[in-house]
Structures are given as structure tokens and as C-alpha cells.
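Numbering-wise, our numbering puts 197 at position 178 of the sequence shown, and it's gapless, one number per residue. Below is one structure, written out as C-alpha cells; the observations come after it.
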Amino acid sequence: MENINIYECQKRYILPTYPEAELILVKGQGAYVRNDKGREYLDFTCGIGVCNLGHCHRKVTSEISAQATELMHVSNLFMTRKQPLLAKKIIDSSFSGRVFFANSGSEANEGMIKFARKWGNKRGRNKIITMNNSFHGRSLATLAATGKSIYRKGFKPKTQGFIEIPFNDFRAVKEAYYKSGKKIAAVLLEPIQGEGGVIPADNNYIGNLRKFCTDNDILLMLDEVQTGMGRTGEFFAYKHYNIEPDLMSMAKGLGNGFPIGAFAVNDSVENVLTPGTHASTFGGSPLACSAAIAVFDAIYEENLLSNTAKMGGVLMEELNKLKKVNSSIRAIRGKGLMVGIEFATDVKKIIYKAREEGLLLIPAGKNVIRFYPPLNVTAEELIDGLNIFKKIIKVL
Ligand SMILES: Cc1ncc(COP(=O)(O)O)c(C=O)c1O
């Protein structure tokens, strides 16, 4: 190990699908990560909304460690103790329904799309309405559902069956429905578009959409991969809108860093996934489920939903003050600790400078910076991060 230059190794052996990153991170604890030279950074990216409990949360780490000595994986042809328990926790925190386990956001959405097609094909319609500017993953179907054609460049042919319309535009939903000859099986959207720039769906829009889907026997499918698991101050973001989805996907924060995804199907929807119709080798392994069970328990035991709402309020208030005195900030958006700051210009430089000053942030597109601190962030950590940010903005 000692004689290997890790930068050379990365360059030589890793397919270069990500932008080059000079930072080598070796250790994380709570809201902080450390690089290979011992420098500490305040991490307000949380692995893009994954490590919602902070790095190496004690409960998650100890549950994974204990489970790793008992049983790591068995085929889903056998039962384990952890998978049904986790499914119950998901349902107890959302709506009456059942769960399928996968390994990532893309895989959870892919399963949800397959569900909608099978359910729709039984009814003679299989088109799915999706939104401009959305993000649902990088598998071929989720890429086709994603409302950014740039991600599909070079990957023709596009998977068929998706009709893309503007987000937050209820009239466009009705138009697409009638234009398709009423051949719509489902509508798929993020309650708050994450990668698209932290853009929340409007209250009226979601209310109208829910009613339209119910009235026309269409499945309302929410992608809560980024918004779920407490990130917005509710366990799932749909709860801000006083509606229930028919299907919902989740991943990211579900395992706090251990890969796991899932989708839930409301009991009000006829189940079409019977034995042999869908599967995943690793989906819902005892190891992954033990991580996610610990995440659920920690969120409740540590009152993280109320901390998220409270700290989110502080963050919004401080950023709005900053907006008043800084004309380069165009808008502050989001809910809870899912916050986006839209700038008039490219944010690459700000993110780079923040890193130099010890604060890790992520962009969402060219003009938006995301603040995603852990849900257990303290007021002091939040203020420390904000102070670094303010210092950088001042010198813009
Ligand atoms: C809303 C949403 N859906 C799906 C995905 C894809 O998840 P994964 O990268 O785990 O496949 C993401 C990832 O950023 C996401 O934000």
C-alpha cells in the first residue's frame, strides 16, 4: 500500500465518470470529515443527503458491526429477521402498504416504474408522465424518466413510455393525459426537485395532482430518494402536502451510507408484483436492513425531525438575511435541511473557496449551491458553516 501513489492509481484504474477530485477523505465523525493530511472539514454535503445522521453514527456502526458477525447475506428465497422489521418501520412512518427492497435510488425507481407498467398494462395503458428538470437515476429507464436530456446524450435509444411535461404546471398534466388518449398509468415526480436546483412542488399543484390521479385511476408515484428520511423536517416530504402517494421510492438516507433503496406500494393499490415478477439479489440483505433499522430508531430517539425543522428555520433565516445584502444571491429555496441557494452566476468558484476555508458544499446544476448538513447538526456547527459561507460571499 505504502509505495502506491493513490492519485496515479485513481487516474489509471478508475473510469473517469466523475470530475477530478483532489481531496482524499479518510475519516468522518458527525458533521466533520478529515482528509489524508489531517485537515478537518465541516461536511454540509452528507454524501448528497445520504449520511443524514452524520458520519459513522454510533448506533448505525454498532448495528452493522453486530450484524456482520451474525449473517451478512442470504438469498431472498429465505427469510431473515431484519427485512420484515425494516419494512414495518418504513410503513409505520409513511402509509399503509408494502415494501420492495433494492440497493440504490435508481434501482428503487426502476422497480416502481416496472410496477406502474404492469399495473397499467392490466388496464390497457402504460405511459408515465414525468417532469422537466427532474432526476430519477442513471439506469436506462430512470434516465428516460429524468427531465434533463444532457444525461442521455450518447446513450440512444431512449427507453420508451415517458411523457415529459413542465414541473409545477397542473394544466400540463391534464393536457398530456388527454393528448395521450388517456393512456397514462402513472405520474412520477420528486416533491422537491433536488438535482434540478432544490425546487419544491407547490402546495396547490400537489393537491390538484393527487385529486386528478385519484379521479382518473392514475398512480401518483413520488421519488423521495433525496427528500426522504427526515431531510425536509418530515419523515417523507409528501407529509408537507397533506396527501398520500400511491407509490414512493427511497434510498440515500435510508442506510446512512450503507447502500439500500426501497419502494413502498400503498395498500389502496392493487398489487401486481407476484412471485417471480421482480427481484434483486442484494436487496434487503440483513446487513443493509440492520443499518436502516438503526437509522429509523436514531431519528425517533434523537428527535431529529424537530431538530431538522428548527435548524432548517435558522438556516433559512440567516441565508435570507444574507440575500438582502448580497445581490448575487437570487433565491433561497427548500424545506428543513434541504436548502438551495440560487446565484446569478456559476457557483463552482464559491464551492472551491468554501472547501479551502474548511466547508464542504455541493452544487445542483450550474447556479445552485446545496446546504445539506446532517439532521443532528448543532446550532454551533450551523453557525460555523454559515460564517465560512458569509466570509466567502463577502469577497465575491
Ligand atoms: C431524486 C433522486 N432520485 C434518484 C436518484 C438516483 O439514486 P442513485 O444514485 O442511488 O441511483 C437520485 C440521486 O441523486 C435522486 O436525487
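Glycine included, each C-beta is placed from N, C-alpha and C at the ideal position.
Contact between Asn223 and Tyr196 is absent: CB atoms are separated by about 18 Å, not below the 8 Å threshold. In this structure, ligand 1 has a non-hydrogen atom nearer than 7 Å to the beta-carbon of Val244. With respect to the 8 Å criterion, Ile360 and Ile370 are not classified as neighbours on the basis of their beta carbons.
Short note on His259: C-beta not closer than 7 Å to any heavy atom of ligand 1. Here Ala220 is buried, its C-beta having at least 16 other C-beta atoms within 10 Å. DSSP, read as helix, strand or coil, puts Val118 in strand. DSSP, reduced to helix, strand and coil, places Tyr257 within a helical segment of the structure shown.
The beta carbons of Val217 and Arg389 sit closer together than 8 Å.
Here Phe181 is bridged, per DSSP, to Ile147. Not one heavy atom of ligand 1 lies closer than 7 Å to the C-beta of Asn151. If you check the CB distance, Val45 and Arg58 do not come in under 8 Å. Counted as a single uninterrupted DSSP element, the beta strand (DSSP E) harbouring Asp62 occupies residues Glu59 to Asp62. Going by beta carbons, Ile279 and Lys108 fall outside the 8 Å limit.
The DSSP-derived three-state label of Val217 is coil. Judged by DSSP secondary structure, Ala160 falls within the alpha helix (DSSP H) whose first and last residues are Leu159 to Ala164. Annotated three-state conformation of Leu379 is strand, per DSSP.
For Phe362, there is no enclosing alpha helix (DSSP H); the residue is found in the beta strand (DSSP E) stretching over Met357 to Phe362. By the criterion of a C-beta distance shorter than 6 Å, Leu42 is surrounded in its chain by Asn54, once the five residues flanking it on both sides are discounted. Using a Cβ distance threshold of 8 Å, Leu273 and Ala281 count as a contacting pair.
Assignment of beta-bridge partners to Tyr51 by DSSP yields Gln48 and Leu61. Taking C-beta atoms as the reference points, Ala106 and Glu129 fail to come closer than 8 Å.
In the structure shown, Ala298 adopts coil according to DSSP, grouped into three states. The three-state secondary structure of Gly353, taken from DSSP, is strand. For Ile83, the enclosing alpha helix (DSSP H) covers residues Arg77 to Glu89. For Gly124, the shortest C-beta to heavy atom distance toward ligand 1 is below 7 Å.
The beta-bridge partner set that DSSP reports for Ile388 consists of Ile360 and Pro382. Fewer than three pairs of CB atoms, one per stretch, sit closer than 8 Å, so the region 86 to 106 makes no contact with the region 333 to 348. Here the alpha carbon of Val344 sits roughly 10 Å from the alpha carbon of Ile412. A buried status is given to Ser125, since no fewer than 16 other beta-carbon atoms sit within 10 Å of its beta-carbon. Distance check between Met98 and each of Phe181, Gly302 and Glu183 places Gly302 closest, using alpha-carbon atoms only. Between the region 230 to 247 and the region 261 to 271 there are three or more inter-stretch CB-CB distances shorter than 8 Å, so the stretches are counted as touching. Boundaries of the alpha helix (DSSP H) around Val333: Leu323 to Val344. Cys232 counts as buried, since at least 16 other C-beta atoms from the protein chains shown sit within 10 angstroms of its C-beta. The DSSP-derived three-state label of Ile203 is strand.
DSSP places Ala270 in the coil class of the three-state scheme, outside both helix and strand.
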